[in-house]
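**Q** Before I ask anything, here is the structure I am working with.
There are 2 protein chains.
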Amino acid sequence: MESGGLPDIASLSALIADPSRAAMLTALLGGIALPATDLARQAGVTRQTASAHLAQLVDGGLLRREAQGRHRYYSLANPDVADMLESLALLAPRAPIRSLRMSHVATALAHARTCYDHLAGMLGVTLADRLVQDGLLAEAEGHWLLTAHGREVLTAWGLDLSRLERGKRPLIRRCLDWSERRPHIAGALGAAITERCLALGWLVRIPGGRGLRLTPVGHDGFREVFGLTLDVEAPGTGHTASAV
Amino acid sequence: MESGGLPDIASLSALIADPSRAAMLTALLGGIALPATDLARQAGVTRQTASAHLAQLVDGGLLRREAQGRHRYYSLANPDVADMLESLALLAPRAPIRSLRMSHVATALAHARTCYDHLAGMLGVTLADRLVQDGLLAEAEGHWLLTAHGREVLTAWGLDLSRLERGKRPLIRRCLDWSERRPHIAGALGAAITERCLALGWLVRIPGGRGLRLTPVGHDGFREVFGLTLDVEAPGTGHTASAV
DNA sequence: AAAACGCTTCGCCGCCTGACGAACTGATCC
DNA sequence: GGATCAGTTCGTCAGGCGGCGAAGCGTTTT
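Chains A and B supply the protein sequences, listed in that same order. One gets this note's numbering by counting positions in the first sequence from 1 and adding 18 to each. One gets this note's numbering by counting positions in the second sequence from 1 and adding 18 to each.
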């Protein structure tokens, strides 16, 4: 039997309900650890208030803290937290655009971003669509399954699929994208694809957020390997927008 | 392109963060519509405060209101809301047991409950385990697929699978159970199984909550059709516990 | 050793929000 | 038509919580 007691979703939600804490959590959806001062800046509060918020989030089990010298790096405690945040994002109302900067951030994120450790945004769903169309993934009863052809292509691209399958993590999960409202590829495969794209320099992280930028190398790579033609960048957004 | 703007997960969470509202939402996870007074009682507040809370929840898109005479029935707006609530429950801290009554409610819910429209709790995961073991469901890459054998047995039991497959809803989804931390069957099939169990009188709803009670008929039914031997009821909890 | 830096703790202030009593609307029952 | 009941609106009050300035702690740098 479990530890008993009913889940207290109110206190968990209260943890996320504060705008500053929510901003920190979404910033950490980029999948990388960030120091306290960075998170304070992104949330728009002073260091001391950020510190209090971060303590609460660690206490509530949403964040993990890791000390490194005089820095303390914070990151999401586990993939379940990311799933939960994404399921909230799917139903959450859209914040009204208040500034040109916000609009830039929003379009950059809608274009390409990470969802903890896999690709999301237009890039994520277009890639998924393409893999299904080209028969690398097969759709069955609402799931995606890797085909023999898909296994071949992805192995040739450099993924070690047998290693992924040995892990306890599901190979493929469909994750509903909040900006596109269509599914992209999550699970172990989704993480591996992202990792490979970053390693190959096809994508680079936009500093301080979840946004991704497609490089010219990536443009050619996606076309040659997956037959996918993408815009390299929406004009002018790439450098200024430090996506939330 | 979408309506633009970033998802405001803070304000959505704030909607759920209040204990009274959270209690109402979890009560509605039973899958049936409830009038305002019932929800007020379950949340432990007066009618007028409940009314204010319910207005907020409807406004936030989480609940649907339906007038019927002088009653107003409230229910979850859509299955996505239920998914979101369950993903919160999975990570939420467990409320400490404060009374004998709370303990009864907790054990009743852990035993068998609905998760919006499918079976959860020990019953839900045991049934899923059994279907996999007996080859009605096949596991592939972390998904469940219906086998020919499964199709046969479930059709013989009275499910119209072809109708379910025509719908846009995924046939099978694995839903992580917060009390067992193992998956049970969600999706169109999960809903159909629950519906059939209620129609056959195998299970009855414990009034005013999400709890389910296994009937003697159900005991025999699960044994004969699925080879599953279950306790009819944890002693003494069935009648008093009006599960939250 | 002193200075700089990253982060946290403490104390106080101001606002937001949930709670109820009372009064009102509209449907149902006899 | 009067009584009853479900539900909502209004006004008021109190508790909780996030915000920052100031001060403290430990690490790194010169």
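Glycine included, C-beta positions come from ideal geometry on N, C-alpha and C.
Applying a beta-carbon distance threshold of less than 8 Å, which residues of chain B neighbour V99/A?
**A** In the first sequence, residue 99/A corresponds to position 81, counting from 1. Going along chain B in sequence order, the residues near V99/A (Cβ under 8 Å) are L109.
**Q** Do the segment 221-238 of chain B and the segment 125-145 of chain B touch if we need at least three Cβ pairs shorter than 8 Å?
**A** Enough Cβ pairs lie closer than 8 Å, so yes.
**Q** Interface residues of chain A around A158/B at Cβ under 7 Å?
**A** Here residue 158/B refers to the residue found at position 140 when the second sequence is read from its first residue. Within 7 Å Cβ-Cβ: L163.
**Q** On the DSSP letters alone, give me the boundaries of the beta strand (DSSP E) that W162/B sits inside.
**A** In the second sequence, counting from the first residue as 1, residue 162/B sits at position 144. Note, W162/B: beta strand (DSSP E), H161 to L164.
**Q** For A39/B, report the span of its alpha helix (DSSP H) as first-last.
**A** Translated into the one-based positions of the second sequence, residue 39/B becomes position 21. Here residue 39/B is Arg; the residue named in the question, Ala, does not match the sequence. Per DSSP, R39/B belongs to the alpha helix (DSSP H) from P37 to L46.
**Q** Using a Cβ-Cβ cutoff of less than 8 Å, which residues in the same chain neighbour R169/A once the five nearest sequence positions on both sides are dropped?
**A** Position 151 of the first sequence, counted from the first residue, corresponds to residue 169/A. Contacts found: L179.
**Q** Taking the Cβ atom as the reference point for each residue, do W162/B and R214/B lie within a distance shorter than 8 Å?
**A** As a first step, residue 162/B is located in the second sequence; it is residue number 144 there, counting from the start. As a first step, residue 214/B is located in the second sequence; it is residue number 196 there, counting from the start. No, the pair does not count as a contact, with Cβ atoms beyond the cut-off.
**Q** Considering just the uninterrupted stretch of the alpha helix (DSSP H) at P234/A, what are its terminal residues?
**A** Taking the first sequence and counting its residues from 1, the one referred to as residue 234/A is at position 216. Taken as a continuous stretch (DSSP letters only), the alpha helix (DSSP H) holding P234/A covers P234 to F244.
**Q** Does L118/B pass the burial test, meaning 16 or more other C-beta atoms within 10 Å, or should it be called exposed?
**A** The residue you call residue 118/B lines up with position 100 of the second sequence. Burial call: exposed.
**Q** Shortest alpha-carbon distance to R223/A belongs to which of L194/A, L47/A and L57/A?
**A** Along the first sequence, one-based indexing puts residue 223/A at 205. If we check each option's Cα against that of R223/A, L47/A comes out closest.
**Q** Is it a yes or a no for the segment 97-104 of chain B touching the segment 132-143 of chain A, going by three-plus beta-carbon pairs under 8 Å?
**A** As far as the Cβ criterion goes, the segment 97-104 of chain B does not touch the segment 132-143 of chain A, which means the pair count is below three.
**Q** Mind checking who H202/A pairs with in its DSSP beta bridge?
**A** By 1-based counting over the first sequence, the position of residue 202/A is 184. Looking at the DSSP assignment, H202/A forms a beta bridge with C193/A.
**Q** Going straight from the alpha carbon of H71/B to that of L182/A, what length do you get?
**A** The count along the second sequence starts at 1 and reaches residue 71/B at position 53. The count along the first sequence starts at 1 and reaches residue 182/A at position 164. H71/B and L182/A: Cα-Cα distance of roughly 46 Å.
**Q** According to the Cβ coordinates, are A54/A and A68/A closer than 8 Å?
**A** On the first sequence, position 36 is the one that residue 54/A refers to. On the first sequence, position 50 is the one that residue 68/A refers to. A contact, by the Cβ cut-off of 8 Å.
**Q** Please classify H202/B: is it buried, with 16 or more other beta-carbons within 10 angstroms of its beta-carbon, or exposed?
**A** For the purposes of this step, residue 202/B is taken as the residue at position 184 of the second sequence. Classification of H202/B: buried, given that the 10 Å Cβ count is 16 or more.
**Q** Run the CB neighbour count on R192/B, radius 10 Å, all protein chains shown included, and call it buried at 16 or more, exposed below.
**A** Counted from its first residue, the second sequence places residue 192/B at position 174. Buried, because 16 or more other Cβ atoms sit within 10 Å of the Cβ of R192/B.
**Q** By Cβ distance, which residues of its chain are closer than 6 Å to R187/B, with the 5 residues on each side in sequence left out?
**A** Numbered from its first residue, the second sequence carries residue 187/B at position 169. Cβ neighbours of R187/B beyond the five flanking positions: A206.
**Q** Please confirm if S93/B has its CB atom under 8 Å from at least one CB of chain A.
**A** By one-based count along the second sequence, residue 93/B stands at place 75. Closer than 8 Å: no.
**Q** Looking only at DSSP bridge pairs, what is V222/B linked to?
**A** Stepping through the second sequence from its first residue, residue 222/B is reached at position 204. DSSP, once it has assigned bridges, lists R231/B as partnering V222/B.
**Q** Mind listing the chain A neighbours of L106/B? Cutoff is C-beta to C-beta under 7 Å, in chain order.
**A** Here residue 106/B corresponds to residue number 88 of the second sequence, with the count starting at 1. By Cβ distance, chain A contributes I27, L30, S31 and M102.
**Q** Express the C-alpha separation of H167/A and L80/A in angstroms, rounding to a whole number.
**A** Along the first sequence, one-based indexing puts residue 80/A at 62. Along the first sequence, one-based indexing puts residue 167/A at 149. So the two alpha carbons sit approximately 39 Å from each other.
**Q** Cβ closer than 8 Å: which chain A residues qualify as neighbours of R191/B?
**A** Residue 191/B sits at position 173 when you count from the first residue of the second sequence. Within chain A, the residues near R191/B are G160.
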